[in-house]
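Here the structure is laid out as structure tokens; the discussion comes afterwards.
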């Protein structure tokens, strides 16, 4: 384009130049927008993944006598075992039963969510290849399924809390905030694990074994005060510790664990950033790798 000044030669206006950084910024924005659009589409289809999750729970217990109430029985069996058999690990702690009950409640949800998510896209191969549903539908389906299962465990957890002498107080509302944070981080953790399972199949066995060992490296049934210096390191450097504490501390002490909550929010933001990048960049390629 040329512009002419009176009495002077024509001047050429320089054309805009697309720099490498500008291209990368535009590509990054497109990746994030693709991921956000996938998630928005999945949320709008909530009736689909809610009904599928309910059907999953029903199918798993269709021919049993107690049905889904086996989830409650399983939780109570584990909680009773840890309280009465492993009580020595927290013998000097008041309300040890409540400590274990809340720890197991959160840990079971985390363990099931991560373990099941590694093979998520592989299990849904027929749907992914045969339909145009957004990948977030499968992620939210698993979140809902694990939440329903955790709901039965929550009934048992509240029962143990009442039997252990813990008085209900307003501090319990902070535990609800902690549960919301755990649920908010879950879809991001599931997406990352699901992509890991697609592109690194051996991760199914690695993650499964790691979560089994992780139960003993996380303060689910052992306490910081009654543990060894080695366990002190696992307490502070284990990210699962903080997700347990944001639910457990408000119930036991009635206060809001701001430090632990801040760490969980920071971990959640990092996981969501990674999950959005993976979903936006690799989401359309999953069907060709499973």
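Numbering (this note's numbering), first residue to last: 44 to 333.
By construction, the Cβ of each residue, glycine as well, lies at the ideal position given by its N, Cα and C atoms.
State the start and end residues of the unbroken alpha helix (DSSP H) segment that holds residue i.
i           : result
residue 290 : 282–296
residue 209 : Element bounds for residue 209: n/a, residue is neither H nor E.
residue 150 : 139–160
residue 113 : 113–128
residue 233 : 215–242
residue 330 : Note, residue 330: premise wrong, no alpha helix (DSSP H); not H, not E.
residue 168 : 168–173
residue 94  : 89–103
residue 374 : Residue 374 lies beyond the range of the chain shown here (44 to 333); nothing can be said about it.
Are residue i and residue j closer than 8 Å when you measure CB to CB?
i           : j           : result
residue 163 : residue 233 : yes
residue 305 : residue 283 : no
residue 157 : residue 250 : yes
residue 115 : residue 196 : yes
residue 160 : residue 78  : no
residue 198 : residue 287 : no
residue 281 : residue 260 : yes
residue 229 : residue 85  : no
residue 92  : residue 187 : yes
residue 191 : residue 100 : yes
residue 274 : residue 265 : yes
residue 268 : residue 285 : no
residue 326 : residue 81  : yes
residue 329 : residue 289 : no
residue 138 : residue 207 : yes
residue 262 : residue 278 : yes
residue 226 : residue 75  : no
residue 235 : residue 321 : yes
Of the residues the options, which one's Cα is nearest the Cα of residue i?
i           : options            : result
residue 146 : 74, 229, 110, 203  : 203
residue 189 : 95, 75, 321        : 95
residue 298 : 220, 269, 138      : 220
residue 151 : 239, 138, 194, 70  : 194
residue 87  : 98, 169, 176       : 176
residue 185 : 108, 98, 210       : 98
residue 239 : 332, 207, 205, 222 : 332
residue 231 : 113, 127, 323      : 323
residue 126 : 212, 111, 200      : 200
residue 83  : 253, 124, 182      : 182
The ligand ZN and residue i: does any heavy atom of the ligand fall closer than 7 Å to the residue's C-beta?
i           : result
residue 259 : The ligand ZN is absent from the structure shown, which contains no ligand whatsoever.
Item to check | Cβ contact (3+ pairs, closer than 8 Å) linking the segment 312–320 and the segment 164–176 | outcome: no
Checklist entry - Is it a yes or a no for the segment 210–222 touching the segment 285–294, going by three-plus beta-carbon pairs under 8 Å? => result yes
Checklist entry - So, do the segment 141–153 and the segment 233–249 have three or more beta carbon pairs nearer to each other than 8 Å? => result Verdict: no, contact absent.
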